[in-house]
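Protein chains in written order, with my numbering: chain B, 1 to 395; chain W, 396 to 550.
A virtual CB, placed ideally from N, CA and C, is assigned to each residue, including glycine.
These notes are about the structure you will find just below.
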């Protein structure tokens, strides 16, 4: 007997070939700032880089700042392991991202915007520049005083953290700042700055075109709209998929797994590992689902089948964090080193299995005391792997 | 004015002496010389009137702003989880035995350097590598050798 698999609903909004950005912009620019902000707030759009801050509110808070100079920055420093959707968006629909930036600029009162592009994506630059020239002509035609430049990163994961990104653009080491103050008040060059993920900006184009109501029809409760997922690992169909928020991990695995899925890493190395027994109870979105756990994500979905050693997976993540930690604060710098050393020692039998519990305490400390999201989120993958696959860490 | 002096001078003239132009200037030197020598760092510091320690401190933060000599072609093989699962080690072995150097080393003719790097964002087409700015995906031990042979045999 064959069971029919429920196929997740594929959405086609972001990548839809729409060349009407001049019209969308003309309409959006003709509306009052308040009206556009309301539309964005009502859409329920939350930041698609992974943190999930409400986009409309971010624009509103920055618009309220009484400062002459402000900036709009598109965060294209896509470095989370397992994430590659922003590159696809910038390749296929860059005009939607630029339109989102331009509307945001008009609302907050910015004349300058930047795309902070990771160094690994330098090959995108010639096409993006061509697109920028075309877009600037449209802006001139519509009479909007706004220019976008590309700023290249140089191979540092931490620069995807917004305040580290500002430091990097200011010509310094990409070391995160203390928060508050938040970028809406003090961002790039200490000016109020809206910094949005590539996908967030592309969604704002969809919202401006189809309206908040249509966007809200997708998703569940606090997780509205669609999301672009980067699917990789042990799957017969790796790639980029736009899906509705709110799906359960079980539905996702039924659709994308290879029939032998042991665990799914949601949100990249800084996210959570969901073991098989929790597939049904875990959904993808922001908090506020009625039952079970809901995991936010930048869209990285890495699938592991039963041939994979979870020890190797964790070792690989910790190796990544240990290298990418900026080294500024002790909990993260030393914490990452000790976690990596620690799991190796347990595996080799140099430390007892109970040492894992000490390491778990260390991740609690890092969660509390690390200066930025990198150090704080190491605990996510560490605890979800060690707690669910403890035997694999030891034997 | 030697080549490097002119390079730094032109880059600073193009971008400006303000600190926020430091990264594009460092990247400009890397494009030409593949690494930031001590001399280049001192010249940038002088032209921009900022302490050489600041220039060095900034450069060493970024994995693409190398301060060790590199070959004309820098090979960066992704070592993050999906590439590791899909055979990154075999790719490295194939490159090492073809070029007869180890990861971290540069060939005697200064043509190639092999490095490993963190997630390149091609997990759906793993394993992946960069050769300077060019991307190669879904590598096999055979295809990677074919790719590098073309680089080796050019001009």
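7 Å Cβ shell around residue i - same chain, five flanking residues per side excluded
i	result
residue 12 of chain B	242
residue 268 of chain B	80, 81, 82, 83, 298, 300
residue 338 of chain B	362
residue 401 of chain B	The structure shown does not extend to residue 401 of chain B, since chain B is modelled only from 1 to 395, so the question has no answer here.
residue 1 of chain B	Here the model assigns residue 1 of chain B a pLDDT of 42, short of 50, so the residue's position is not dependable and the matter cannot be decided.
residue 59 of chain B	37, 40, 104, 107, 108, 194
Cut-off 8 Å between Cβ atoms - residues of its own chain near residue i, not counting five sequence neighbours on either side
i	result
residue 390 of chain B	353, 356
residue 510 of chain W	469, 470, 471, 472, 498, 499
residue 311 of chain B	343, 347, 389, 392, 393
residue 122 of chain B	152
residue 272 of chain B	265, 266, 295, 380, 381, 384
residue 467 of chain W	429, 505, 506, 507
Limits of the unbroken alpha helix (DSSP H) element including residue i
i	result
residue 313 of chain B	310-324
residue 478 of chain W	476-480
residue 11 of chain B	No alpha helix (DSSP H) holds residue 11 of chain B; DSSP gives it neither H nor E.
residue 493 of chain W	483-494
residue 345 of chain B	330-347
residue 101 of chain B	94-108
residue 71 of chain B	Element bounds for residue 71 of chain B: not the alpha helix (DSSP H) but the beta strand (DSSP E), 71-76.
residue 511 of chain W	Where residue 511 of chain W is concerned, there is no enclosing alpha helix (DSSP H), although the beta strand (DSSP E) it sits in stretches over 507-512.
residue 390 of chain B	390-394
residue 470 of chain W	Residue 470 of chain W -> not in any alpha helix (DSSP H); beta strand (DSSP E) instead, spanning 468-473.
residue 503 of chain W	Unbroken run through residue 503 of chain W: none, as it is neither H nor E.
residue 471 of chain B	Absent from the model: residue 471 of chain B. The displayed extent of chain B is 1 to 395, so no value can be given.
The beta strand (DSSP E) enclosing residue i, as first and last residue numbers
i	result
residue 239 of chain B	239-244
residue 396 of chain B	Since the first residue shown for chain B is 1 and the last is 395, residue 396 of chain B is missing from the structure and cannot be characterised.
residue 233 of chain B	226-233
residue 113 of chain B	112-117
residue 263 of chain B	261-266
residue 197 of chain B	193-197
residue 302 of chain B	300-305
residue 405 of chain W	That residue, residue 405 of chain W, is in no beta strand (DSSP E); its alpha helix (DSSP H) goes 398-410.
residue 432 of chain W	Segment: none, residue 432 of chain W is in no beta strand (DSSP E) and carries neither H nor E.
residue 62 of chain B	It is not in any beta strand (DSSP E) - residue 62 of chain B instead sits in the alpha helix (DSSP H) that spans 55-63.
residue 284 of chain B	282-284
residue 272 of chain B	272-275
Residue i (DSSP reduced to helix, strand or coil)
i	result
residue 536 of chain W	helix
residue 524 of chain W	strand
residue 290 of chain B	At residue 290 of chain B the pLDDT is 44, less than 50, meaning the model places this residue with poor confidence and gives no usable figure here.
residue 351 of chain B	coil
residue 452 of chain W	helix
residue 126 of chain B	helix
residue 25 of chain B	helix
residue 248 of chain B	strand
residue 171 of chain B	coil
residue 20 of chain B	coil
residue 67 of chain B	coil
residue 222 of chain B	coil
residue 361 of chain B	helix
residue 531 of chain W	strand
residue 2 of chain B	Low per-residue confidence applies at residue 2 of chain B: pLDDT is 46, beneath 50, and the placement is therefore not dependable enough to give any value.
residue 46 of chain B	strand
Contact set for residue i: own chain, Cβ-Cβ below 6 Å, skip 5 residues either direction
i	result
residue 465 of chain W	429, 430, 508
residue 155 of chain B	119
residue 163 of chain B	176, 177
residue 410 of chain W	416, 419, 420
residue 289 of chain B	Confidence at residue 289 of chain B is low in this model, with a pLDDT of 45, below 50, so its placement is unreliable and the value that follows should be read with caution. Only 283 meet the Cβ criterion.
residue 477 of chain W	518, 521
residue 149 of chain B	114
residue 322 of chain B	336, 337, 340
residue 369 of chain B	331
Buried or exposed (CB count within 10 angstroms, at least 16 for buried), residue i
i	result
residue 377 of chain B	buried
residue 513 of chain W	buried
residue 395 of chain B	exposed
residue 132 of chain B	buried
residue 397 of chain W	exposed
residue 49 of chain B	buried
residue 7 of chain B	exposed
residue 55 of chain B	buried
residue 545 of chain W	exposed
Quick one: any contact between the stretch 302-313 of chain B and the stretch 252-264 of chain B, if contact means 3 or more CB pairs under 8 Å?
yes
Between the stretch 99-112 of chain B and the stretch 224-241 of chain B, do at least 3 Cβ pairs fall closer than 8 Å?
no
Three-pair Cβ contact test at 8 Å for the stretch 436-449 of chain W versus the stretch 474-491 of chain W
no
Inter-stretch contact at 8 Å, needing at least 3 Cβ pairs: the stretch 139-157 of chain B / the stretch 23-38 of chain B
yes
Report yes or no: do the stretch 64-78 of chain B and the stretch 29-38 of chain B share at least 3 C-beta pairs separated by less than 8 Å?
no
Counting beta carbon pairs with one atom in the stretch 206-220 of chain B and one in the stretch 182-189 of chain B, are three or more of them shorter than 8 Å?
no
Inter-stretch contact (C-beta, 8 Å, three-pair minimum) for the stretch 329-340 of chain B and the stretch 362-377 of chain B:
yes
Taking Cβ-Cβ distances below 8 Å as the criterion, which residues of the stretch 206-219 of chain B are in contact with chain C?
Looking at the structure shown, chain C is missing, and the protein chains on hand are B and W.
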